[in-house]
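Protein sequences appear in the order of chains H and U. Under the numbering used here, the first residue of the first sequence is numbered 3, with each subsequent residue one higher. Under the numbering used here, the first residue of the second sequence is numbered 3, with each subsequent residue one higher. We treat Cβ as the ideally placed atom computed from N, Cα and C, and that holds for glycine.
There are 2 protein chains.
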Amino acid sequence: MGTLLKNYIETNQKVFHEELTKHVRQLDIPTSLKKSMLYSLEAGGKRLRPILLLASFEAYASNVEKTYRTASALEMIHTYSLIHDDLPAMDDDDYRRGLLTNHKVFGEATAILAGDALLTFSFEMITNDALLSNSEKVYLIQLLAQASGPTGMVAGQILDMEAENQTVTIEMLEKIHALKTGELLRFAVTAGAYLGNATKEQISYLQDFAHYLGLIFQVQDDILDVTGDEQKLGKAVGSDESNNKSTYPKLLGLDGAIEMKKHYIEKAKELLKKANADTSRLADLTDYFSERDH
Amino acid sequence: MGTLLKNYIETNQKVFHEELTKHVRQLDIPTSLKKSMLYSLEAGGKRLRPILLLASFEAYASNVEKTYRTASALEMIHTYSLIHDDLPAMDDDDYRRGLLTNHKVFGEATAILAGDALLTFSFEMITNDALLSNSEKVYLIQLLAQASGPTGMVAGQILDMEAENQTVTIEMLEKIHALKTGELLRFAVTAGAYLGNATKEQISYLQDFAHYLGLIFQVQDDILDVTGDEQKLGKAVGSDESNNKSTYPKLLGLDGAIEMKKHYIEKAKELLKKANADTSRLADLTDYFSERDH
Numbered sequence: 003m004g005t006l007l008k009n010y011i012e013t014n015q016k017v018f019h020e021e022l023t024k025h026v027r028q029l030d031i032p033t034s035l036k037k038s039m040l041y042s043l044e045a046g047g048k049r050l051r052p053i054l055l056l057a058s059f060e061a062y063a064s065n066v067e068k069t070y071r072t073a074s075a076l077e078m079i080h081t082y083s084l085i086h087d088d089l090p091a092m093d094d095d096d097y098r099r100g101l102l103t104n105h106k107v108f109g110e111a112t113a114i115l116a117g118d119a120l121l122t123f124s125f126e127m128i129t130n131d132a133l134l135s136n137s138e139k140v141y142l143i144q145l146l147a148q149a150s151g152p153t154g155m156v157a158g159q160i161l162d163m164e165a166e167n168q169t170v171t172i173e174m175l176e177k178i179h180a181l182k183t184g185e186l187l188r189f190a191v192t193a194g195a196y197l198g199n200a201t202k203e204q205i206s207y208l209q210d211f212a213h214y215l216g217l218i219f220q221v222q223d224d225i226l227d228v229t230g231d232e233q234k235l236g237k238a239v240g241s242d243e244s245n246n247k248s249t250y251p252k253l254l255g256l257d258g259a260i261e262m263k264k265h266y267i268e269k270a271k272e273l274l275k276k277a278n279a280d281t282s283r284l285a286d287l288t289d290y291f292s293e294r295d296h
Numbered sequence: 003m004g005t006l007l008k009n010y011i012e013t014n015q016k017v018f019h020e021e022l023t024k025h026v027r028q029l030d031i032p033t034s035l036k037k038s039m040l041y042s043l044e045a046g047g048k049r050l051r052p053i054l055l056l057a058s059f060e061a062y063a064s065n066v067e068k069t070y071r072t073a074s075a076l077e078m079i080h081t082y083s084l085i086h087d088d089l090p091a092m093d094d095d096d097y098r099r100g101l102l103t104n105h106k107v108f109g110e111a112t113a114i115l116a117g118d119a120l121l122t123f124s125f126e127m128i129t130n131d132a133l134l135s136n137s138e139k140v141y142l143i144q145l146l147a148q149a150s151g152p153t154g155m156v157a158g159q160i161l162d163m164e165a166e167n168q169t170v171t172i173e174m175l176e177k178i179h180a181l182k183t184g185e186l187l188r189f190a191v192t193a194g195a196y197l198g199n200a201t202k203e204q205i206s207y208l209q210d211f212a213h214y215l216g217l218i219f220q221v222q223d224d225i226l227d228v229t230g231d232e233q234k235l236g237k238a239v240g241s242d243e244s245n246n247k248s249t250y251p252k253l254l255g256l257d258g259a260i261e262m263k264k265h266y267i268e269k270a271k272e273l274l275k276k277a278n279a280d281t282s283r284l285a286d287l288t289d290y291f292s293e294r295d296h
């Protein structure tokens with residue numbers, strides 16, 4: 003990763019970490035609920051989604067504060083989904099990013115409620131954004147709910163669960179990931195470009211780009227589960243195999259998965275060129291997504 | 003209950019049942035997710051919250067369709083909270099309204115996701131309402147998120163859990179119920195009156211009214227858990243006692259709880275008179291809330 007991109011990512015990780023947690027810290031709510039919400043928000047995610055939103059915005063505009071709350075709302079939704087995903091009734095994970103999962107620290111009931119609270123509060127955050135017009139707020143809330151709710155991420159979770167212990171086609175695998183991971187990435191680029199006043203055509207190319215970025219993200223996730231370093235990942239490898247999950251390496255072999263990733267990267271970069279703006283940072287982020295080791 | 007009120011309630015139960023389920027039935031989503039969402043939406047609740055919203059609106063205006071989506075969003079949020087509340091990690095209930103609880107039919111993972119989906123979709127529904135302006139949508143979404151999220155219902159759930167196996171004061175019990183039940187009732191009357199173009203002063207009286215209505219609702223719930231009919235309630239009685247929950251009868255005795263209910267009814271009706279509108283239906287609903295046997 004180049005130094006410029008590294009600085010960009012690290013600087014904005016700090017910005018969003020502060021922005022994300024600030025709003026929750028200010029809430030006058032029961033202590034245990036606040037601790038549980040903050041625990042997962044502070045657990046040191048890569049903040050890829052808010053950074054992607056910001057970079058999409060910066061392809062068209064420069065008053066970056068306009069993205070902060072929407073990007074934080076997006077990261078809160080991502081965080082809630084991880085808390086619920088890790089529950090015993092779902093993936094039953096004890097560790098996430100090298101730390102105990104939320105329910106292992108606070109108990110299942112509080113973890114469920116902290117997830118519900120983050121989901122609900124993310125929409126409230128957008129309504130409170132003094133830098134957005136009412137029509138921008140309504141559009142962003144609609145888009146975020148579509149991306150994360152029953153037609154988006156939640157549908158992906160259901161399909162992913164149902165695909166366990168079954169062999170699925172590569173098309174079905176792509177559909178699951180498009181919903182489970184891709185929809186929030188699509189929201190990130192759409193919201194960023196929309197707030198930056200991109201044209202409909204530009205937004206449309208970026209949405210197609212986000213589709214491939216989601217697939218790159220997922221194929222890399224699957225590859226890391228085979229070849230990754232447990233220390234760097236902060237979680238056990240080989241869990242896809244033991245959970246009998248359909249993955250790219252399983253369907254295509256490890257070499258086939260790496261080839262598929264290259265294909266996705268080419269498609270993603272072609273679409274960026276068509277988006278007719280300064281998308282060099284988005285191209286750099288694409289490389290970063292595809293090469294990440296955790 | 004008078005025939006007029008009975009007709010009003012039954013007619014509008016049908017209206018909201020249809021309205022609520024229609025939007026979910028139209029979604030293009032995985033079958034198991036849709037079935038799980040519809041199962042709980044169709045489980046025959048009393049629809050008290052949407053009816054309260056409607057009656058508050060009708061104290062000031064008459065174009066009732068303006069309330070339908072917001073009232074449905076409110077009932078969806080109530081329904082999601084019941085699904086998550088019933089989970090083994092929370093209250094661990096097998097029956098609700100005489101039917102198996104969501105997770106007993108669809109499994110815990112699907113129940114968690116169906117709750118998440120209903121919560122998220124409720125906000126989307128408001129953004130899609132063709133009868134509301136953008137500023138109305140933003141205000142209602144903000145109000146609903148505040149009432150249901152970490153500062154509202156979710157806080158109430160946390161405090162309620164923490165109060166188990168402890169003796170709490172009557173003030174603490176009122177605080178828990180004000181958050182857990184009261185906030186959604188407060189949203190119902192506030193949203194209804196706001197959409198009916200009530201003045202700020204009128205809305206303020208109705209909000210205070212909703213506070214007492216919530217307490218009436220809860221004291222009656224507690225009384226029914228002692229004196230109620232399991233057939234009518236569709237759930238076991240005596241569960242508060244066996245779960246060692248703080249209740250009005252436990253803190254004040256059964257007679258004391260009934261006295262307290264009378265006091266709350268008086269306060270509620272005083273406030274309705276001050277709201278300076280045709281609140282006769284809200285007064286009737288107060289009696290209905292206080293006399294309900296299920």
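Under a CB-based cut-off of 8 angstroms, is Ala132 (chain H) close to chain U? Here residue 132 (chain H) refers to the residue found at position 130 when the first sequence is read from its first residue. Not closer than 8 angstroms to any Cβ of chain U, the Cβ of Ala132 (chain H) fails to qualify, so no.
Based on Cα-Cα distance, which residue from U:Lys106, U:His19, U:Glu60, U:Leu54 lies nearest to Asn278 (chain U)? Taking the first residue of the second sequence as 1, we reach residue 278 (chain U) at position 276. Here the closest residue by C-alpha is U:Glu60.
For Lys275 (chain H), I'd like the list of residues in its chain whose CB is within less than 8 angstroms of its CB, leaving aside the five on either flank, ordered along the chain. To locate residue 275 (chain H), count along the first sequence from 1; it is residue 273. For Lys275 (chain H), where only same-chain residues beyond five positions count, the Cβ hits under 8 angstroms are Thr281.
Taking the straight line between their C-alpha atoms, what separation do you get for Glu110 (chain H) and Thr192 (chain U)? Along the first sequence, read from residue 1 onward, the residue named residue 110 (chain H) stands at position 108. Along the second sequence, read from residue 1 onward, the residue named residue 192 (chain U) stands at position 190. Computed Cα separation, rounded: 33 angstroms.
Kindly indicate if chain H contains any beta-carbon less than 8 angstroms away from that of Phe123 (chain U). Along the second sequence, one-based indexing puts residue 123 (chain U) at 121. Yes, because at least one Cβ of chain H sits closer than 8 angstroms to the Cβ of Phe123 (chain U).
Quick one, which of H:Thr183, H:Tyr82, H:Leu134 has its alpha-carbon nearest Gly117 (chain U)'s? The sequence position of residue 117 (chain U) within the second sequence is 115, counting from 1. Among H:Thr183, H:Tyr82, H:Leu134, the Cα nearest to that of Gly117 (chain U) belongs to H:Tyr82.
Can you pull the chain H residues whose beta carbon is under 7 angstroms from the beta carbon of Arg140 (chain U), in chain order? Within the second sequence, residue 140 (chain U) is the residue found at index 138, counting from 1. Residue identity check: residue 140 (chain U) is Val in the sequence provided, not Arg. Those are Thr129, Asn136, Lys139, Val140, listed as they occur along chain H.
Within the chosen definition, does the region 229-241 of chain U reach the region 211-220 of chain U through at least 3 CB pairs nearer than 8 angstroms? no
Chain-ordered residues of the region 100-121 of chain H with a beta carbon less than 9 angstroms from chain U: His105, Gly109, Glu110, Ala111, Thr112, Ala113, Ile114, Leu115, Ala116, Gly117, Asp118, Ala119, Leu120, Leu121
Using a Cβ-Cβ cut-off of less than 8 angstroms, list which residues of the region 142-164 of chain U approach chain H; keep chain order. Ile143, Gln144, Ala147, Gln148, Ser150, Gly151, Pro152, Thr153, Val156, Ala157, Gln159, Ile160, Leu161, Met163, Glu164
Report the start-end ranges of each alpha helix (DSSP H) in the region 55-112 of chain H that is 4 residues or longer and not cut off at the edges. 70-87, 104-108
How many whole angstroms separate the CB atoms of Val221 (chain U) and Ala165 (chain U), which I take to be in contact at a CB cut-off of 8 angstroms? Taking the first residue of the second sequence as position 1, residue 221 (chain U) is located at position 219. Taking the first residue of the second sequence as position 1, residue 165 (chain U) is located at position 163. Actually they are not in contact, since the Cβ atoms of Val221 (chain U) and Ala165 (chain U) sit about 16 angstroms apart, beyond 8 angstroms.
Which residues in the same chain as Ile205 (chain H) place their Cβ atom closer than 7 angstroms to its Cβ, once the five residues preceding and following it in sequence are excluded? Along the first sequence, read from residue 1 onward, the residue named residue 205 (chain H) stands at position 203. Excluding positions up to five away in sequence, the list reads Thr192, Ala195, Tyr196.
Using a Cβ cut-off of 8 angstroms, pull out every chain U residue sitting near His86 (chain H), in sequence order please. One-based indexing of the first sequence puts residue 86 (chain H) at position 84. Ordered by position in chain U, the residues that pass the 8 angstroms Cβ test against His86 (chain H) are Ile114, Leu115, Asp118.
Could you check the C-alpha separation between Arg188 (chain H) and Leu56 (chain H) for me, to the nearest Å? For the purposes of this step, residue 188 (chain H) is taken as residue 186 along the first sequence, with counting starting at 1. For the purposes of this step, residue 56 (chain H) is taken as residue 54 along the first sequence, with counting starting at 1. One C-alpha to the other measures close to 13 angstroms.
Sequence-distant residues of its chain with Cβ nearer than 7 angstroms to Asp96 (chain U) (five each side left out): The residue given as residue 96 (chain U) occupies position 94 in the second sequence. Counting only Cβ-Cβ distances below 7 angstroms, and skipping sequence neighbours, we find Leu102, Thr103, Lys106.
Evaluate contact between the region 249-259 of chain H and the region 29-37 of chain U, counting only Cβ atoms and requiring at least three cross-stretch pairs below 8 angstroms. no
Short Cβ contact (8 angstroms threshold) for Ala180 (chain U) with Leu76 (chain U): Residue 180 (chain U) sits at position 178 when you count from the first residue of the second sequence. Residue 76 (chain U) sits at position 74 when you count from the first residue of the second sequence. No. Outside cutoff.
Run down chain U in chain order and give the residues with a C-beta less than 9 angstroms from the C-beta of Met92 (chain H). Taking the first sequence and counting its residues from 1, one reaches residue 92 (chain H) at position 90. Here the neighbours are Glu110, Ala111, Ile114, Leu115.
DSSP on Gly47 (chain H), reduced to helix/strand/coil? On the first sequence, residue 47 (chain H) is found 45 positions in, with the first residue counted as 1. Correct three-state label for Gly47 (chain H): coil.
Partners in chain U for Leu89 (chain H), counting only beta-carbon separations shorter than 9 angstroms: Working through the first sequence from its first residue, we reach residue 89 (chain H) at position 87. Within chain U, the residues near Leu89 (chain H) are Ala91, Glu110, Ala111, Ile114.
Closer than 7 angstroms at the beta carbon, the chain H residues around Asn31 (chain U): Within the second sequence, the letter at position 29 stands for residue 31 (chain U). Contrary to the premise, residue 31 (chain U) reads as Ile rather than Asn in this sequence. What Ile31 (chain U) touches in chain H: Pro152, Thr153, Ala157.
Less than 8 angstroms separating the beta-carbons of Thr201 (chain H) and Asp227 (chain H)? As a working note, residue 201 (chain H) is residue 199 in the first sequence. As a working note, residue 227 (chain H) is residue 225 in the first sequence. No, the Cβ-Cβ distance between Thr201 (chain H) and Asp227 (chain H) is not below 8 angstroms.
Inter-stretch contact (C-beta, 8 angstroms, three-pair minimum) for the region 115-129 of chain H and the region 142-152 of chain U: yes
DSSP three-state label for Ala238 (chain H), please. Taking the first residue of the first sequence as 1, we reach residue 238 (chain H) at position 236. In this structure, Ala238 (chain H) counts as coil in the three-state DSSP scheme.
Closest Cα partner of Phe219 (chain U) within the set U:Leu40, U:Ser42, U:Thr288: Here residue 219 (chain U) refers to the residue found at position 217 when the second sequence is read from its first residue. When each option's Cα is compared against that of Phe219 (chain U), the closest is U:Thr288.
Identify the continuous alpha helix (DSSP H) that holds Thr249 (chain U) and give its terminal residues. Position 247 of the second sequence, counting from 1, holds the residue named residue 249 (chain U). Premise fails: Thr249 (chain U) is in no alpha helix (DSSP H) and is neither H nor E.
Met39 (chain H) at chain U interface by Cβ criterion, 8 angstroms: If you number the first sequence from 1, residue 39 (chain H) lands on position 37. So yes, Met39 (chain H) belongs to the interface.
Less than 8 angstroms separating the beta-carbons of Ile267 (chain H) and Pro251 (chain H)? Position 265 of the first sequence, counted from the first residue, corresponds to residue 267 (chain H). Position 249 of the first sequence, counted from the first residue, corresponds to residue 251 (chain H). No, they are not a contact pair.
Counting only C-beta atoms, is Leu175 (chain U) closer than 8 angstroms to chain H at any point? Position 173 of the second sequence, counted from the start, is the residue given in the question as residue 175 (chain U). False, the Cβ-Cβ gap to chain H never drops below 8 angstroms.
Whole-angstrom distance between Ala91 (chain H) and Val156 (chain H), CA atom to CA atom: Position 154 of the first sequence, counted from the first residue, corresponds to residue 156 (chain H). Position 89 of the first sequence, counted from the first residue, corresponds to residue 91 (chain H). Straight-line Cα distance between these residues: approximately 15 angstroms.
Taking only the alpha-carbon atoms, compute the straight-line gap between Lys264 (chain H) and Leu273 (chain H) and give it to the nearest angstrom. For the purposes of this step, residue 264 (chain H) is identified with residue 262 of the first sequence, where counting begins at 1. For the purposes of this step, residue 273 (chain H) is identified with residue 271 of the first sequence, where counting begins at 1. Taking the straight line joining both Cα atoms gives about 14 angstroms.
Spell out whether any CB of chain H is found under 8 angstroms from the CB atom of Ser248 (chain U). The residue you call residue 248 (chain U) lines up with position 246 of the second sequence. No, Ser248 (chain U) does not count as interfacial toward chain H.
Please classify Ser74 (chain U): is it buried, with 16 or more other beta-carbons within 10 angstroms of its beta-carbon, or exposed? In the second sequence, counting from the first residue as 1, residue 74 (chain U) sits at position 72. Its Cβ being crowded by 16 or more others within 10 Å, Ser74 (chain U) is buried.
According to DSSP, is Ser135 (chain H) helix, strand or coil? In the first sequence, the residue the question calls residue 135 (chain H) occupies position 133. Coil.
Do Arg71 (chain H) and Met127 (chain H) have their C-beta atoms within less than 8 angstroms of each other? Within the first sequence, residue 71 (chain H) is the residue found at index 69, counting from 1. Within the first sequence, residue 127 (chain H) is the residue found at index 125, counting from 1. A contact, by the Cβ cut-off of 8 angstroms.
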